[in-house]
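**Q** My structure is below; once you've seen it, I'll send some questions.
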Ligand SMILES: Cc1ncc(COP(=O)(O)O)c(C=O)c1O
Ligand SMILES: Cc1ncc(COP(=O)(O)O)c(C=O)c1O
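Chains as they are written, first to last, in the working numbering: chain A, 1 to 408; chain B, 1001 to 1408; chain C, 2001 to 2138; chain D, 3001 to 3138.
See the structure below:
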């Protein structure tokens, strides 16, 4: 395979990839769960702790000013990364899950009443299901689910039928974390907007693999996690349109999210601070900015191209494995290969792959309803990042062949 | 001053303390806002990212197992640090603020009804005020406030009078972040419990300065932030008694907090996972454990002793500064000196101290109602950690003298 | 043979094998040789659900001894179950309750004992002890 | 003198000073020399509230020129206000709107322009421009 960027030199930036597992060089194919970090990200953390660590937004002293500047510069970096109109529309959270919970609460308080509906799809991650179930339970609302076909593709006509004035929000994943299928967001959002329905996009599995433009998508909310895009754990992003954020009440109280606090009456700060209660993870946000710069320097186009080649290569190679069953025939698949080995439980497959130095994920991938719909309890998922190579795939293929032989 | 531990060698573990600010060696006296990090904590972060970074609780592969073990070992470390009965009673959050918001929501949902009351004190940080105001607004409840005297000490008799069957929870700070005053928690909790009222303690300003035993206190909830105890930003702790946690509904949905997800009905995981939605900051928790080990190795008794000596020394020295006005005459003060310089705005004081290399905090310290009660808008706060020295105090004293002269 | 002798036997047969994959091959072979659980026992009340796999277990008590039958949907867990039955089935409740199960760690499979709930193995072990206790008190 | 000439003047007087504390001494002296704002203007409608300090500002328009009076509760911000008034007061709206205020950065005080709201200085600057615009359109 010819790749447009030098994967070997990119890999050098990820020390963990040199590690051995049970004596075998690590093949890390669990990137959809979390990604590895380049040196620059970890160095940023170290430099920040040893050079400019002080609480942000609060003090007049130099360290605090530097920390605040780094934190706010990270907001601008994120803004540019997803092409938001203003940096005030970027809210830092702990992760995709918290971003969605924030919307479920605050949007729910502002806009939802008994009898209203929230629309999601059958392929959502639990983090884009449970917050809505909790909202629906609290407010006596209904959760409606867009069905998918047997391949895992969303049924657009069914979606269209489910739209109604009762629907207060569509919450949909950009890319499925099990199937890698990309949803037709532009058309979906256009249709929802034509009926005045705002749309939240769960971008957890998209941002590391394709260039995202929230304005072009016209998404009202867009959520993702730093740790899935080569950044630190503990940080997430919620993009939201100003106009919605301004109408929504705060989610958590305390710290810098206030304007004036009196026991009788408290007024809130302006956005984004209204939604950032407590000391933010200002070291984490600075490190996330570093990760985004790392990705931008490689270029998402090159990343997508490399991953596409990897995926094609993987499908070709793995299809040669006896008993290999790819899950879902999908036209546009991103960086994820979900599969079963016929007659072998995926737990056994994952466990033995580990002993051969290959990290994949098995189980229900926090998407039980999707697996149930596809008629299975668990599956194996190999998921890529730009640092993966065709050799990784070769190792996977060889390992699966070997494992297959162990069960006969 | 003679100290029982070698502050010079301890300081070597904190590279940031060697930094220069405007050409002057840094004197960091803003520890109540956030603390600096020892090498071991930052090294732990680096080692974890480059050695065992994988999503926790989810996969069968080795990296994930190692990350999970480290994360769960951190829970046990926290348990021992505050002497909780079980590690299941330790919930990881983003910080004190989120811990309190979690309780305000989940306890509120489980136990509070229209007309009920929440009791707080006049000296609370905004993070222990606003969440309760939001709860009270949502549930049409009332926030009651225990008054303080002119020195900032809680009026115990008034507290006793405010207890009633309507009070569903007392939420009180362990140590005030402005005054450094410690509240008589044992007596307060005993009295509250005698009337069946559970107690949440905001421990943000306590844990780095004294040994905390949640069982001895008999606190029902205890919240603190990693970044205020030499650990990383973005991590916090909520201790809560099992029996309460089991009765409370989850706060956020998604990820590992579930047992089974069906669109019709979702069941939740057991504690602590029920309250930890989404990918936790497993690198942060491991680094927090490292910070707690660092503190334990020095020993909180020694730390308290050193800080007491520092405080005495500071009060003696600063009282010699012309126009120095200590805020609050308090018997038991911890590591915090709040003051005004007569006739000089605290913003001007803080700004000029910064130019002399001294970092303090000025403003209302996220405790506007307290400052209002004490008859001021802002004040200057110098706050210590164990790595501060008498030389730091000398520098502060000299700087204040110099600043005083600039305004005449 | 008593429980510890069986454990030593097991440890020895795994110790002879160097390669990880060969150890697992042995476990798989053991799993495949486990006699299937009678369909009547594959009911929810006998099910122990892990996050990724399931174990069904049935116990009976005859003449002071506990007999276990069990099965799992994954072959590797079945292999572990095979070993457990070899050790526990046909023992008195006291033997079971007093036993110190060290073989799992010694053969390098302690990951299966991790508190994460990937497989139902740990829960099954607990369940076997519960059965023993219940029979003892009955 | 036009706005830029005044800025150059200011820069020069600060450039002559080496020590940070002496620069601030100059600012403090300027602040102390600022004539107090008439009490009638110290009303909420003229107040710009920072997180740590306040600025009151009043503007009037006479014969095509904008006159500002202002005050702050901190002397250092008063010093900055003094400089701003020196530059802006008595100018036409167009001069104010077109002005590029570079002196603050050049004298090393750009921290006061940070978007954090510690002092009300940035907001005051914006407010002065707003006044100019309003008078221009009136
Ligand atoms: C007493 C007290 N409570 C709560 C907090 C909030 O902590 P955090 O901002 O880490 O959530 C602080 C610190 O700012 C504090 O001092
Ligand atoms: C599609 C999708 N949504 C949401 C999440 C939750 O992300 P996090 O656990 O970082 O909050 C994930 C990852 O687990 C995901 O893949």
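Note that CB positions come from ideal geometry on N, CA and C, so glycine has one too.
Quick check on the burial criterion: 16 or more other C-beta atoms within 10 angstroms. Buried or exposed for residue 1267 of chain B?
**A** exposed
**Q** Tell me which residue opens and which closes the beta strand (DSSP E) that residue 1143 of chain B is part of.
**A** 1142 to 1146
**Q** Could you tell me the alpha carbon to alpha carbon distance between residue 3046 of chain D and residue 1347 of chain B, rounded to whole angstroms?
**A** 21 angstroms
**Q** Check for me: the beta strand (DSSP E) holding residue 1058 of chain B runs from which residue to which?
**A** First-last for residue 1058 of chain B: undefined, no H or E at that position.
**Q** Hey, how far is the Cα of residue 116 of chain A from the Cα of residue 35 of chain A?
**A** Cα atoms of residue 116 of chain A and residue 35 of chain A: separation of roughly 38 angstroms, rounded to the nearest angstrom.
**Q** If the cut-off is 9 angstroms on Cβ atoms, which residues from the stretch 46 to 69 of chain A count as contacting chain D, listed in chain order?
**A** 56, 57, 58, 59, 60, 62, 64, 65, 68 and 69
**Q** Give me, in chain order, the residues of the same chain whose beta-carbon lies closer than 6 angstroms to that of residue 326 of chain A; leave out the 5 immediate sequence neighbours on both sides.
**A** 339
**Q** Under 9 angstroms Cβ-Cβ, which residues of chain D neighbour residue 1407 of chain B?
**A** 3028, 3032 and 3075
**Q** Once the 5 residues before and after residue 1193 of chain B are set aside, which same chain residues still bring their CB inside 8 angstroms of it?
**A** 1199 and 1218
**Q** Might you give, ordered along the chain, the residues of its own chain that have their beta carbon closer than 7 angstroms to the beta carbon of residue 1977 of chain C, omitting 5 neighbours on each side?
**A** Absent from the model: residue 1977 of chain C. The displayed extent of chain C is 2001 to 2138, so no value can be given.
**Q** Output needed for residue 2100 of chain C: all residues of its chain with C-beta closer than 7 angstroms, excluding positions within five of it in sequence on either side, in chain order.
**A** If we look at residue 2100 of chain C and ignore the five residues flanking it on each side, it has no Cβ neighbours.
**Q** Using a Cβ-based criterion (distance less than 7 angstroms to any ligand heavy atom), does residue 1033 of chain B qualify as near ligand 2?
**A** no
**Q** Mind checking if residue 3082 of chain D is an interface residue toward chain B, Cβ cutoff 8 angstroms exclusive?
**A** no
**Q** List the DSSP bridge partners of residue 1349 of chain B.
**A** Paired residues: none, contrary to the question.
**Q** At a cut of 8 angstroms, does the stretch 201 to 213 of chain A reach the stretch 137 to 148 of chain A through at least three beta carbon pairs?
**A** no
**Q** Under 9 angstroms Cβ-Cβ, which residues of chain A neighbour residue 2139 of chain C?
**A** As shown, chain C starts at 2001 and ends at 2138. That puts residue 2139 of chain C outside it, with no answer to give.
**Q** Leaving out five residues on either side along the sequence, give the residues of the same chain with a beta carbon under 6 angstroms from the beta carbon of residue 57 of chain A.
**A** 68 and 256
**Q** Return yes when the Cβ of residue 1040 of chain B is within less than 8 angstroms of the Cβ of residue 1238 of chain B, no when it is not.
**A** Taking 8 angstroms as the Cβ cut-off, residue 1238 of chain B and residue 1040 of chain B do not qualify as a contacting pair.
**Q** Taking DSSP as the reference, what is the three-state secondary structure of residue 94 of chain A?
**A** Annotated three-state conformation of residue 94 of chain A is coil, per DSSP.
**Q** How big is the Cα-Cα spacing for residue 2053 of chain C and residue 2072 of chain C?
**A** 7 angstroms
**Q** Tell me which residue opens and which closes the alpha helix (DSSP H) that residue 390 of chain A is part of.
**A** Judged by DSSP secondary structure, residue 390 of chain A falls within the alpha helix (DSSP H) whose first and last residues are 390 to 406.
**Q** Ligand 1 and residue 1205 of chain B: does the residue's C-beta get closer than 7 angstroms to at least one heavy atom of that ligand?
**A** Between ligand 1 and the CB of residue 1205 of chain B, the shortest heavy atom gap is smaller than 7 angstroms.
**Q** Measure the C-alpha to C-alpha separation of residue 397 of chain A and residue 324 of chain A and round it to an integer number of angstroms.
**A** 10 angstroms
**Q** Of all the alpha helix (DSSP H) runs that stay within the bounds of the stretch 1004 to 1034 of chain B, which reach a length of 4 or more residues?
**A** 1007 to 1011
**Q** When you check each C-beta in the stretch 159 to 193 of chain A against every C-beta of chain B, which residues fall closer than 9 angstroms?
**A** none
**Q** Output, in chain order, the set of chain B residues within a Cβ distance shorter than 7 angstroms of residue 3053 of chain D.
**A** 1345 and 1347
**Q** How should residue 6 of chain A be labelled, buried or exposed, when 16 other C-beta atoms within 10 angstroms of its C-beta is the threshold for buried?
**A** exposed
**Q** If the cut is a Cβ gap below 9 angstroms, which residues of chain D does residue 1342 of chain B touch?
**A** Correct list: empty, because the minimum Cβ distance to chain D is about 14 angstroms.
**Q** Where does residue 1365 of chain B sit, in a helix, a strand or coil, going by DSSP?
**A** Assignment of residue 1365 of chain B by DSSP, reduced to helix, strand and coil, places it in the coil class.
**Q** Roughly how many whole angstroms lie between the Cα atoms of residue 1122 of chain B and residue 1258 of chain B?
**A** CA-CA distance, residue 1122 of chain B to residue 1258 of chain B, rounds to 38 angstroms.
**Q** Which residues mark the beginning and the end of the alpha helix (DSSP H) in which residue 1260 of chain B is found?
**A** No alpha helix (DSSP H) contains residue 1260 of chain B, which is instead part of the beta strand (DSSP E) from 1258 to 1261.
**Q** Going by the C-beta, is residue 1334 of chain B closer than 7 angstroms to any heavy atom of ligand 1?
**A** Checking every heavy atom of ligand 1 against the Cβ of residue 1334 of chain B, none is found closer than 7 angstroms.
**Q** Give the residues of chain B in contact with residue 366 of chain A, contact being defined as C-beta atoms less than 7 angstroms apart.
**A** 1255
**Q** Could you give the first and the last residue of the continuous beta strand (DSSP E) run that contains residue 118 of chain A?
**A** 117 to 121
**Q** Taking the alpha-carbon positions, what's the residue 9 of chain A to residue 294 of chain A distance?
**A** 13 angstroms
**Q** List, in order along the chain, the chain A residues whose C-beta lies closer than 8 angstroms to that of residue 1129 of chain B?
**A** 253, 254, 261, 263 and 266
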